[in-house]
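To start, the structure itself, in structure tokens.
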Amino acid sequence: MALFEEEMDTSPMVSSLLSSLANYSNLTQGSKEHEEAENNEEARKKTVQAPRMGTIMGVYLPCMQNILGVILFLRMTWLVGVGGVLGTFAIVFMCCSTTMLTAISMSAIATNGVVPAGGSYYMISRSLGPEFGGAVGICFYLGTTFAGAMYILGCIEILLIYIVPPAAIFKMEGLEGSEAEAALLNNMRVYGTIVLSLMSLVVFVGVKYVNKLALVFLACVILSILAVYAGVIKTSFDPPEFPVCVLGNRTLLSKGFDICAKTIEQGNVTVTTRLWRSFCDSEFLNATCDDYFTNNNVSQIQGIPGVTSGILAENLFSMFAEKNSFIEKRGISAVLDPEAPLTNTNRYVLADITSFFTLLVGIYFPSVTGIMAGSNRSGDLQDAQKSIPIGTILAITTTSFIYMSSVILFGACVDGVVLRDKFGEGVNGNLVIGTLAWPSPWVIVFGSFFSTCGAGLQSLTGAPRLLQAISRDGIIPFLRVFGHGKANGEPTWALLLTACICEIGILIASLDSVAPILSMFFLMCYMFVNLACALQTLLRTPNWRPRFKFYHWALSLLGMSLCLTLMFLCSWYYAIVAMGIAGCIYKYIEFCGAEKEWGDGIRGISLSAARYALMRLEEGPPHTKNWRPQILVLMGLDGEQNVEQPRLLSLTNQLKAGKGLTIVGACVEGTYLNNQPQAQKADQSLRKLMEIEKVKGFSQVVISSNLRDATSHLIQAGGLGGLRHNAVLVSFPKNWKQAEEHHRCRNFIEIVRETTAAQLALMVPKNISAYPSNGERFTEGYIDVWWIVHDGGMLMLLPFLLRQHKVWRKCKMRIFTVAQMDDNSIQMKKDLMTFLYHLRFDAEVEVVEMHDSDISAYTYEKTLVMEQRSKILKEMHLTKNEREREIQSITDVSRGSIRRKNPSNLHPQRSIAEESVTGSGEEKPEEEVQLIQGKNATPTPTSPTSPTAPTPVAMSPGEEIQMTWTDETEKTNNPAVANPENIKDMFNMKPEWENLNQSNVRRMHHAQKLNEVIVKKSQEAKLVLLNMPGPPRNRTGEENYMEFLEVLTEGLNRVLLVRGGGREVITIYS
608 MALFEEEMDT
618 SPMVSSLLSS
628 LANYSNLTQG
638 SKEHEEAENN
648 EEARKKTVQA
658 PRMGTIMGVY
668 LPCMQNILGV
678 ILFLRMTWLV
688 GVGGVLGTFA
698 IVFMCCSTTM
708 LTAISMSAIA
718 TNGVVPAGGS
728 YYMISRSLGP
738 EFGGAVGICF
748 YLGTTFAGAM
758 YILGCIEILL
768 IYIVPPAAIF
778 KMEGLEGSEA
788 EAALLNNMRV
798 YGTIVLSLMS
808 LVVFVGVKYV
818 NKLALVFLAC
828 VILSILAVYA
838 GVIKTSFDPP
848 EFPVCVLGNR
858 TLLSKGFDIC
868 AKTIEQGNVT
878 VTTRLWRSFC
888 DSEFLNATCD
898 DYFTNNNVSQ
908 IQGIPGVTSG
918 ILAENLFSMF
928 AEKNSFIEKR
938 GISAVLDPEA
948 PLTNTNRYVL
958 ADITSFFTLL
968 VGIYFPSVTG
978 IMAGSNRSGD
988 LQDAQKSIPI
998 GTILAITTTS
1008 FIYMSSVILF
1018 GACVDGVVLR
1028 DKFGEGVNGN
1038 LVIGTLAWPS
1048 PWVIVFGSFF
1058 STCGAGLQSL
1068 TGAPRLLQAI
1078 SRDGIIPFLR
1088 VFGHGKANGE
1098 PTWALLLTAC
1108 ICEIGILIAS
1118 LDSVAPILSM
1128 FFLMCYMFVN
1138 LACALQTLLR
1148 TPNWRPRFKF
1158 YHWALSLLGM
1168 SLCLTLMFLC
1178 SWYYAIVAMG
1188 IAGCIYKYIE
1198 FCGAEKEWGD
1208 GIRGISLSAA
1218 RYALMRLEEG
1228 PPHTKNWRPQ
1238 ILVLMGLDGE
1248 QNVEQPRLLS
1258 LTNQLKAGKG
1268 LTIVGACVEG
1278 TYLNNQPQAQ
1288 KADQSLRKLM
1298 EIEKVKGFSQ
1308 VVISSNLRDA
1318 TSHLIQAGGL
1328 GGLRHNAVLV
1338 SFPKNWKQAE
1348 EHHRCRNFIE
1358 IVRETTAAQL
1368 ALMVPKNISA
1378 YPSNGERFTE
1388 GYIDVWWIVH
1398 DGGMLMLLPF
1408 LLRQHKVWRK
1418 CKMRIFTVAQ
1428 MDDNSIQMKK
1438 DLMTFLYHLR
1448 FDAEVEVVEM
1458 HDSDISAYTY
1468 EKTLVMEQRS
1478 KILKEMHLTK
1488 NEREREIQSI
1498 TDVSRGSIRR
1508 KNPSNLHPQR
1518 SIAEESVTGS
1528 GEEKPEEEVQ
1538 LIQGKNATPT
1548 PTSPTSPTAP
1558 TPVAMSPGEE
1568 IQMTWTDETE
1578 KTNNPAVANP
1588 ENIKDMFNMK
1598 PEWENLNQSN
1608 VRRMHHAQKL
1618 NEVIVKKSQE
1628 AKLVLLNMPG
1638 PPRNRTGEEN
1648 YMEFLEVLTE
1658 GLNRVLLVRG
1668 GGREVITIYS
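For the record, in the sequence shown the residue sitting at position 873 is 1480 according to our numbering, with numbers rising by one throughout.
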């Protein structure tokens, strides 16, 4: 294998790979979780292996115990009596179908790879991502924990009501109504806490003891169910004696009488009974009695008439009741005075809660929620992929048959008044289902007691492991402490927290209050299990290869729909609260930055949705109403690959506010093979700065042989399909006049040309270091817009976007535009205000008039210096230091030529052309005079002063703008005019001026004059936006272009030069 010897470190031989896979224990080889476990200090310790279990012990029995728990023995008969056989059967069928569909989906997920500890949480999180997994995992953990509390409460209810009532600490004898209810709840709290402590101790000692006890508990459950079936069979030929006393059609409390009669005959004497004394004021026959007692007869009915009695027809339909209403017998008429007040209500069996169909769904559903008891302990299974599907589906099939048959058999054997008697108050306080059992009711009583104990232990075993799995994943930071445990992996700290939360449920103390809450959490978990399976199937993820083949996406979607329906059917407000809790956990995990990549289905959805959206974007460009700057930010890097101008990203954040596309690009010079590490370092620098500046977008680093080509590649290839940038943000080059920075100047000009050719908008901030950070606030000030030429509305839109950000929110917007000589400035202002009104922009408007003016000596001097520098840079091949000295000397000589002499005073407004003619006697050609007077010249937009300013745009003769200025500004900005004596020197320099390019003279003149006006009006503005002139069409004079921009923006602190992208970006229409 010499051919591959160099790759052995990264690509092991197949033989060694297979060996490691054969010895595989918990986590997928090479996965991030496995690598983290190896680096974990605890993982390096020698661990003691926990006992491993098979399908029966690990999945089937725990599921059976949890499913056949408290509801079957304590509430099923009541559900049948209140909801009717048909209604209850529908509830049971719907709930069991939901769990079966969920089990099918869960089986597919469980067999699609190894399922370590965590079970359902692991499956959901790896299928739907850490946010969904954490949210649903926590909800399922809370549901499982409160389920433990519910099972314990059921255990205490059986103990205190049916087994040893005298053991109650708070005595209930003699108490009625709310007092008796309060005493019962207090007893539940005390005994519940004791039982919880004992169960927690058993779980702490070890899961193997729970598994050993499971056999005993399950044997009790099976015996109890067999006793019920035997009792049903016995009723068909020998119904038990089970009398129920009824007054009229109202069921009487069995403890209120000894004989079900008003009077009895003793030795030819009629004697009143205890029942008589309960309703009358004395024991004599002439006593005053309750009207209802007087008008109705007492009768005794058979509580369990038997399966052949035909009582099923009477129990088919529902009989819902209000709280404290009477439990009445169907088919018996009663004499009732509607106006008579109700008296002696404490002598009857009353409904303890108001019942309705959706309440029954909420109370029943927890009885089928044990389906994940096995998957929660997947870390303790020998072969989770095999055991979870088989054990869970078998358990659901078995328990579904038991529940459905129980509904029909209870309705066929037991009278309705007994079924609706929740606590057996009319049948001597017996457990109703126990009265049906054979050979003795105590079989059911003790069987149900141990069943609830076993289910509680299973919940206290599964819930801590679920929390431990969530904690070890590290997606919720404050839960990490609960990931630790004993040497063999037992979750000690998680067990402690589980016991504390379970205690909260016990303090609620009402089983009927806890059950609907559990339904919400479990239904939410099941819903996301079905969603995960459906997503994986529909997205056809390459890794989706479950061994379990009997699944389909339609079944998963049906299961998900049933779960969502049941949630709102049980209680719409509980459903909203549960979703709110899950949503808060989801956002918390997202906020904390769950840096986990599990190949989840949500990412698959994101990819599919992104592809669909990109294909839609390809259909055409966005409408003007939807246009927003999708920005490509070109960042510079230093030698260490760190960002040079971080404030560019601050400005990007202020412009974008997290909306739209942002691509932050950088260039690395070199070859890809040699410079990839530098590119990765640069990408990390960009991402870190984007995170600091809260810029939501993408980073992209391009490697090329030269920076010019790399920048061009970014502009051309950035984005994907229809999701491409439509604007470029680049800072004005620093120190562009220095010879060593000449290449930056050339690159900048090429960027301007390429964005124009690509019809991209261009934004060039000058003095970017002076721009505010995201933490600063302007309490007042102006954002000034100098609208020289129409650019599609970019100049209008950008200030509006900036003012959405808190940095610029309190700044006001001012718009300046330039009027030519033939324009009506008053009408222009009115039209502009109307235009802004229709655009819904709030801004002040000012029209600046600029008339013809003569070109000053200062302008000629600036142009001369500019052209001389350009010529020297092109023609002289000097060293770096020599070039700098030469440039400096030329600049000094040019400036000194103005200061050397003191010419005679001339009027400041006098034109240079006139001075030239009178001073020298030489006459210029008419064409040259017109050029100097600048009558056909047009001004070009300007920008702030700084070594980094953007570029001017040449205008056509039809766009000429006339400019005027005052004596003061002329004197301030033009040394030649400020000191009239210097004008004498103009005659000495005239031969040099005649050789100047007159186009450059005109551009310099207009740049200078426009700059004077902008400085005068906007020097105190927080930001100045103005049109950016375009570069020259030919490549001669590129340095002149930069000089024009420099002059245009001189004296301004913050300037944003803007070029439109050739399309309208704002509209007046809605």
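The beta carbon of each residue, even a glycine, is placed where N, CA and C say it ideally should be.
Answer yes or no: do residue i and residue j have a C-beta to C-beta separation smaller than 8 Å?
i	j	result
L1241	V1337	yes
I1188	G741	no
N1706	Q1252	The question about residue 1706 has no answer here: the residues shown for the chain are numbered 608 through 1677.
A754	P973	yes
G1246	G1667	no
L1104	F1089	yes
F927	V689	yes
V1392	I1422	yes
I768	V797	no
L791	M779	yes
Whole angstroms are fine: how far does the CA of residue j sit from the CA of residue i?
i	j	result
T1259	S1319	21 Å
L1038	K1194	47 Å
I1000	S1013	20 Å
Y729	P1284	36 Å
D556	A941	Outside the modelled stretch of the chain, which goes from 608 to 1677, sits residue 556, for which no answer is possible.
R1331	Q1237	7 Å
I841	C1132	A quick correction: the sequence has Lys, not Ile, at residue 841. Cα to Cα, the separation comes out at about 42 Å.
S906	R857	10 Å
N1282	N1249	15 Å
C1107	S804	10 Å
F849	L1043	9 Å
T1424	D1290	42 Å
G1325	P1228	17 Å
G1166	G676	23 Å
C887	A947	16 Å
L949	A789	24 Å
V1620	L1664	16 Å
G1018	T952	27 Å
Could you check what DSSP says for residue i in three-state terms: helix, strand or coil?
i	result
S906	strand
L1664	strand
D1429	coil
W1100	helix
V1672	coil
C867	coil
G998	helix
P1123	helix
L1336	strand
Tell me residue i's beta-bridge partners as DSSP assigns them.
i	result
L1327	L1330
I1390	M1420, L1630
F933	L957
G1272	L1241, Q1307
Does any residue of chain E have a CB that is nearer than 8 Å to the CB of residue i?
i	result
G1069	Judged by its chain identifiers, the structure shown contains no chain E, having just a single protein chain.
Please determine whether the Cβ atom of residue i lies at a distance below 7 Å from any heavy atom of the ligand ADP.
i	result
Y1219	Absence of the ligand ADP from the depicted structure is noted, as is the absence of any ligand whatsoever, leaving it without description.
Would you say the stretch 1023 to 1030 touches the stretch 708 to 724, given that touching needs at least three Cβ pairs under 8 Å?
The count of Cβ pairs closer than 8 Å, one atom from the stretch 1023 to 1030 and one from the stretch 708 to 724, stays below three, leaving the stretches out of contact.
Can at least three beta-carbon pairs, one atom from the stretch 1647 to 1654 and one from the stretch 1437 to 1451, be found at a separation below 8 Å?
Below 8 Å, too few C-beta pairs join the stretch 1647 to 1654 and the stretch 1437 to 1451 to call them touching: fewer than three.
Do the stretch 811 to 831 and the stretch 1119 to 1134 touch if we need at least three Cβ pairs shorter than 8 Å?
No, because fewer than three Cβ pairs between the stretch 811 to 831 and the stretch 1119 to 1134 fall closer than 8 Å, the two stretches do not touch.
Any contact of the stretch 962 to 972 with the stretch 875 to 888, i.e. 3+ C-beta pairs under 8 Å?
Flag = no, the stretch 962 to 972 and the stretch 875 to 888 do not touch.
Is there contact between the stretch 1073 to 1085 and the stretch 696 to 709, where contact requires at least three CB pairs shorter than 8 Å?
As far as the Cβ criterion goes, the stretch 1073 to 1085 does not touch the stretch 696 to 709, which means the pair count is below three.
Are the stretch 1135 to 1155 and the stretch 672 to 684 in contact at 8 Å, needing three or more beta carbon pairs?
No contact exists between the stretch 1135 to 1155 and the stretch 672 to 684.
Can you confirm whether the stretch 1383 to 1390 touches the stretch 1407 to 1420 when touching is taken to mean that 3 or more C-beta pairs between the two stretches lie within less than 8 Å?
Segments in contact, yes.
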